[in-house]
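Sequences listed follow chains A and B, in order.
End of the first sequence = 308 in this note's numbering, gap-free, step of one.
End of the second sequence = 308 in this note's numbering, gap-free, step of one.
Ideal placement from N, C-alpha and C gives every residue a C-beta, glycine not left out.
Okay, so here's the structure we're looking at.
Number of protein chains: 2
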Amino acid sequence: MTAELDLIESIQSALTDRSGGRVHTWTGDDAAVVRARDYAVTSIDTLVENVHFSLATHSAADVGWKALATALSDLAAMGADAGEAYVALVVPSRFDGSLDLVLGMEELAEATGTTIAGGDVVSGQILAVTVAVTGWADRELELIGRSGAWGGDLVGVTGELGGSEAGRLALESGEGGSTGLVRRHLRPEPRLAEGTALARAGATAMIDLSDGLATDARHLAERSGVQLRLELAQVPCAPGVEPVAAATGGDDYELLFTIAAERRAAAEAAATVSWLGEVVAGNGVVLIGEDGRPVEGLSGYEHA
Amino acid sequence: MTAELDLIESIQSALTDRSGGRVHTWTGDDAAVVRARDYAVTSIDTLVENVHFSLATHSAADVGWKALATALSDLAAMGADAGEAYVALVVPSRFDGSLDLVLGMEELAEATGTTIAGGDVVSGQILAVTVAVTGWADRELELIGRSGAWGGDLVGVTGELGGSEAGRLALESGEGGSTGLVRRHLRPEPRLAEGTALARAGATAMIDLSDGLATDARHLAERSGVQLRLELAQVPCAPGVEPVAAATGGDDYELLFTIAAERRAAAEAAATVSWLGEVVAGNGVVLIGEDGRPVEGLSGYEHA
């Protein structure tokens, strides 16, 4: 218990309040008090050792960064501004990297203007990191859900895909691999700036790519009640990654979005985007191969 | 993965939005969108199997209730109104009680007007339940931290103490024991109504009793830079519990507070309270025994 309190104290002294005065009662009280903006946007995510990461390939700081990145990516997908993070650690007695983990998280917090405003540390057999993040918006219209895609909209995606999975395979094979891809896996960057800029540009629906393009596109299609018709040849691939791998690899944390065709230039001004296809009537996702036919295994839809 | 999505879907359909329209985008999008009041009050807590509860003595529903109760108790201690809860479950493959767990949580959510607005379900070797709760207030003055106790203030506590620990011992001995004490352990009730009422009555500092009176009183004293001088004979004991056990047992989730002496009647109108002693200059906690001397082991302070 005393060791736990000591750890909590050293964690607290490692944290920086970058809220510009919005966070009133900070770590050390029963709860954090934050001066709110009109809309609070909140998500919670857990990473578990040997499920979402391995301490054989991830440093404690990598784990902390990644846990915050995963949660912030959900805020990016809503077009919200990052605000506060609340961190709950389950720590096995064999693990002595809790402070390093929080320092890794602080690196990303600093890069994104997030304040780690509270937390909990408990003991347990496996390392698990839960991060709840709250972002903010002044108007509901600024926020983009998954359900607003319309027939005729273009479908775009930020960045390059498949890099994280390629990095993971390189790490696990022990062959090292490209520093860039490995970093994509260990230190994914939530697309917060791109998310707010695409929201302002007029995105009608948006989702972050955590499970892979094929899977997450289906989520967006289902929530919007439409079909996404995408061309595999247009999928932006990370260096050395094949299109099929780019369309299925998870943990990229790029943003998939839909937007009216006349807003195409606005989207291109907002972020580096690739255009994958369009929204049509129907359901699910159709990924068209170079032969002009749906790629088996990557397309999921029901015939009307 | 499909089983996980099915579970998430059945959990979602078991949940009720009781926010009265404040929760805009609910479970099923990347994040929950909530129309904010002026101050957001947020806390996060994790319960881990075989550390904070045992499935030998707690049903899945008990675990869910308790996890939410623990988090809401922090809001009670701030005098905030309960708002939304975000739930992250780490679920071992041997555990099939996830839905029951959430249903137990929903019972307490209903009793307290809380909306479970989002969550995450992942697999892992041990059952761990993290709940982040957000409460709300219209003015910062309505919220009570740990640091506002003044010399001359009275020290009060709600309810009865030691019941949860007595219930735990009865459960673990297998002897059954009093239904009331066992329920105190399995289904603790966060003192939300008492917390807001005591805040309105003028409480100067407040903390919830999760680690036990002796320990939590020291936290409040440290944050306020004062000494709490309490009389053991005044500690309100759960039925059959001795004062020393009542002063050290954890998990009661009653509220310890300080308030100016002239607000005594207002506090008594706000909640069922017992008066334990007063705030004096100094540090730490002194628990006075019947012989008029500090009780060893329960008092912790440094000589000036």
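Original post:
Are the segment 248 to 260 of chain B and the segment 71 to 80 of chain B touching, with three or more C-beta to C-beta distances below 8 Å?
Top reply: yes
Original post:
Where do the N-terminal and C-terminal ends of the alpha helix (DSSP H) with GLU272 (chain B) fall, by residue?
Top reply: To locate residue 272 (chain B), count along the second sequence from 1; it is residue 268. Taken as a continuous stretch (DSSP letters only), the alpha helix (DSSP H) holding GLU272 (chain B) covers 268 to 274.
Subject >> Proximity test, Cβ basis, 8 Å: SER168 (chain B) and chain A >> reply: Working through the second sequence from its first residue, we reach residue 168 (chain B) at position 164. No, no contact with chain A.
Subject >> Three CB pairs or more closer than 8 Å across the segment 157 to 173 of chain A and the segment 89 to 109 of chain A >> reply: no
**OP:** Give, in chain order, every residue of the segment 18 to 38 of chain B whose Cβ lies closer than 8 Å to some Cβ of chain A.
**Re:** HIS28, THR29, GLY32, ASP33, ASP34, ALA35, ALA36, VAL37, VAL38
Original post:
Nearest-angstrom Cα distance between PHE57 (chain B) and SER127 (chain A)?
Top reply: Your numbering for residue 57 (chain B) matches position 53 in the second sequence. Your numbering for residue 127 (chain A) matches position 123 in the first sequence. Using only the alpha carbons, I get a separation of about 13 Å.
Subject >> Coil, strand or helix - ALA250 (chain A) by DSSP >> reply: The residue labelled residue 250 (chain A) in the question sits at position 246 within the first sequence. Three-state DSSP puts ALA250 (chain A) in a helix.
Original post:
Where do the N-terminal and C-terminal ends of the alpha helix (DSSP H) with SER102 (chain A) fall, by residue?
Top reply: Counting from one through the first sequence, the residue named residue 102 (chain A) turns up at place 98. That run of the alpha helix (DSSP H) goes 102 to 116.
**OP:** Answer with yes or no whether the minimum CB distance from GLU144 (chain A) to chain B is below 8 Å.
**Re:** Here the question's residue 144 (chain A) lines up with position 140 in the first sequence. Output row for GLU144 (chain A): interface = yes.
**OP:** Spell out the partners DSSP gives PHE261 (chain A) in its beta bridges.
**Re:** Within the first sequence, residue 261 (chain A) is the residue found at index 257, counting from 1. Paired residue(s): A:GLY160, A:MET210.
Original post:
At least one CB of chain A closer than 8 Å to the CB of ILE211 (chain B): is that the case?
Top reply: In the second sequence, the residue the question calls residue 211 (chain B) occupies position 207. Yes, because at least one Cβ of chain A sits closer than 8 Å to the Cβ of ILE211 (chain B).
**OP:** To the nearest angstrom, report how far apart LEU72 (chain A) and ARG41 (chain B) are at their CA atoms.
**Re:** As a first step, residue 72 (chain A) must be located in the first sequence, where it is residue number 68. As a first step, residue 41 (chain B) must be located in the second sequence, where it is residue number 37. Computed Cα separation, rounded: 25 Å.
Original post:
Quick one: Cα of ASP124 (chain B) to Cα of VAL91 (chain B), how far?
Top reply: On the second sequence, residue 124 (chain B) is found 120 positions in, with the first residue counted as 1. On the second sequence, residue 91 (chain B) is found 87 positions in, with the first residue counted as 1. Cα to Cα, the separation comes out at about 6 Å.
Subject >> chain B within 8 Å of SER278 (chain A), Cβ atoms only >> reply: As a first step, residue 278 (chain A) is located in the first sequence; it is residue number 274 there, counting from the start. With 8 Å as the cut-off, SER278 (chain A) does not count as an interface residue toward chain B.
**OP:** Please confirm whether any heavy atom of the ligand COA lies closer than 7 Å to the CB of SER58 (chain A).
**Re:** With respect to the ligand COA, the structure shown offers nothing to examine, as it has no ligands at all.
Subject >> Under the three-state DSSP convention, the category TRP154 (chain B) falls into >> reply: For this step, residue 154 (chain B) is matched to residue 150 along the second sequence. In the structure shown, TRP154 (chain B) sits in coil (DSSP, three-state: anything other than H, G, I, E or B).
**OP:** Taking all protein chains shown into account, decide if LEU9 (chain B) is buried (16 or more other Cβ within 10 angstroms of its Cβ) or exposed.
**Re:** By one-based count along the second sequence, residue 9 (chain B) stands at place 5. Label assigned to LEU9 (chain B): exposed.
**OP:** Could you check how far apart the C-beta atoms of THR138 (chain B) and ALA250 (chain B) are, in whole angstroms? I think they sit under 8 Å.
**Re:** To locate residue 138 (chain B), count along the second sequence from 1; it is residue 134. To locate residue 250 (chain B), count along the second sequence from 1; it is residue 246. So it is not a contact: roughly 32 Å between Cβ atoms.
Original post:
Where in the segment 164 to 209 of chain A do unbroken runs of the beta strand (DSSP E), each at least 3 residues long, occur, reported from the N-terminal end onward?
Top reply: none
**OP:** Using the DSSP secondary-structure output, state which residues sit across from PHE57 (chain A) in a beta bridge.
**Re:** As a working mapping, residue 57 (chain A) is identified with position 53 in the first sequence. Bridge partners of PHE57 (chain A): A:GLU53.
**OP:** Please classify PRO240 (chain B): is it buried, with 16 or more other beta-carbons within 10 angstroms of its beta-carbon, or exposed?
**Re:** Within the second sequence, numbered from 1, the residue matching residue 240 (chain B) stands at position 236. The residue in question, PRO240 (chain B), is buried, as its Cβ has 16 or more Cβ neighbours within 10 Å.
Original post:
If you run the structure through DSSP and keep just helix, strand and coil, what is GLN231 (chain A)?
Top reply: Counting from 1 along the first sequence, the entry for residue 231 (chain A) is found at position 227. If DSSP states are grouped into helix, strand and coil, GLN231 (chain A) belongs with the strands.
Original post:
If you draw a straight line from the alpha carbon of THR200 (chain B) to that of GLU146 (chain B), how long is it in whole angstroms?
Top reply: Your numbering for residue 200 (chain B) matches position 196 in the second sequence. Your numbering for residue 146 (chain B) matches position 142 in the second sequence. Going from the Cα of THR200 (chain B) to the Cα of GLU146 (chain B) covers about 8 Å.
**OP:** For the alpha helix (DSSP H) holding GLY68 (chain A), just list the boundary residues, first then last.
**Re:** In the first sequence, residue 68 (chain A) corresponds to position 64, counting from 1. It spans 64 to 82 - the alpha helix (DSSP H) in which GLY68 (chain A) sits, taken as one unbroken run.
**OP:** Let me know if GLU294 (chain A) comes out buried or exposed under the rule of 16 or more other beta-carbons within 10 Å of its beta-carbon.
**Re:** As a working mapping, residue 294 (chain A) is identified with position 290 in the first sequence. GLU294 (chain A) comes out exposed.
**OP:** Ignore the nearest five residues each way along the sequence and tell me which others in VAL27 (chain B)'s own chain have a CB closer than 7 Å to its CB.
**Re:** Mapped onto the second sequence, residue 27 (chain B) falls at position 23. ASP21, ALA36, VAL38, GLU88, THR119, ALA121, listed in sequence order.
Original post:
Hey, how far is the Cα of GLY178 (chain B) from the Cα of ALA65 (chain B)?
Top reply: Along the second sequence, read from residue 1 onward, the residue named residue 178 (chain B) stands at position 174. Along the second sequence, read from residue 1 onward, the residue named residue 65 (chain B) stands at position 61. Using only the alpha carbons, I get a separation of about 20 Å.
Original post:
Between which two residues does the beta strand (DSSP E) carrying SER127 (chain A) extend?
Top reply: Numbered from 1 along the first sequence, position 123 holds the residue referred to as residue 127 (chain A). Taken as a continuous stretch (DSSP letters only), the beta strand (DSSP E) holding SER127 (chain A) covers 119 to 127.
**OP:** May I ask you to report which of helix, strand or coil DSSP gives SER278 (chain B)?
**Re:** Start at 1 with the first residue of the second sequence, and residue 278 (chain B) comes out as number 274. DSSP places SER278 (chain B) in strand when its eight states are reduced to three.
Original post:
Would a check of beta-carbon distances place VAL230 (chain A) closer than 8 Å to chain B?
Top reply: Walking along the first sequence from the start, residue 230 (chain A) turns up at place 226. Chain B contact via Cβ: absent.
Original post:
Does the beta carbon of GLY128 (chain B) come closer than 8 Å to any beta carbon on chain A?
Top reply: Position 124 of the second sequence, counted from the start, is the residue given in the question as residue 128 (chain B). Yes, its Cβ sits closer than 8 Å to a Cβ of chain A.
**OP:** Spatial neighbours of SER356 (chain A) within its chain, please: CB distance less than 7 Å, with the 5 preceding and 5 following residues excluded, ordered by chain position.
**Re:** The structure shown does not extend to residue 356 (chain A), since chain A spans only 5 to 308, so no value can be given for it.
Original post:
Grouping DSSP H, G and I as helix and E and B as strand, with all else coil, what is ASP256 (chain A)?
Top reply: The count along the first sequence starts at 1 and reaches residue 256 (chain A) at position 252. Three-state DSSP puts ASP256 (chain A) in coil, outside helix and strand.
Subject >> VAL94 (chain B) at chain A interface by Cβ criterion, 8 Å >> reply: Locating residue 94 (chain B) in the second sequence gives position 90, where the first residue counts as 1. True, the Cβ-Cβ gap to chain A drops below 8 Å.
**OP:** Less than 8 Å between the CB atoms is what I'm expecting for ALA153 (chain A) and THR262 (chain A), so what's the real figure, rounded?
**Re:** Locating residue 153 (chain A) in the first sequence gives position 149, where the first residue counts as 1. Locating residue 262 (chain A) in the first sequence gives position 258, where the first residue counts as 1. Confirmed, about 4 Å.
Original post:
Between which two residues does the beta strand (DSSP E) harbouring PHE133 (chain B) extend?
Top reply: Counting from 1 along the second sequence, the entry for residue 133 (chain B) is found at position 129. Looking at the sequence provided, one finds Val at residue 133 (chain B) rather than Phe. That run of the beta strand (DSSP E) goes 132 to 141.
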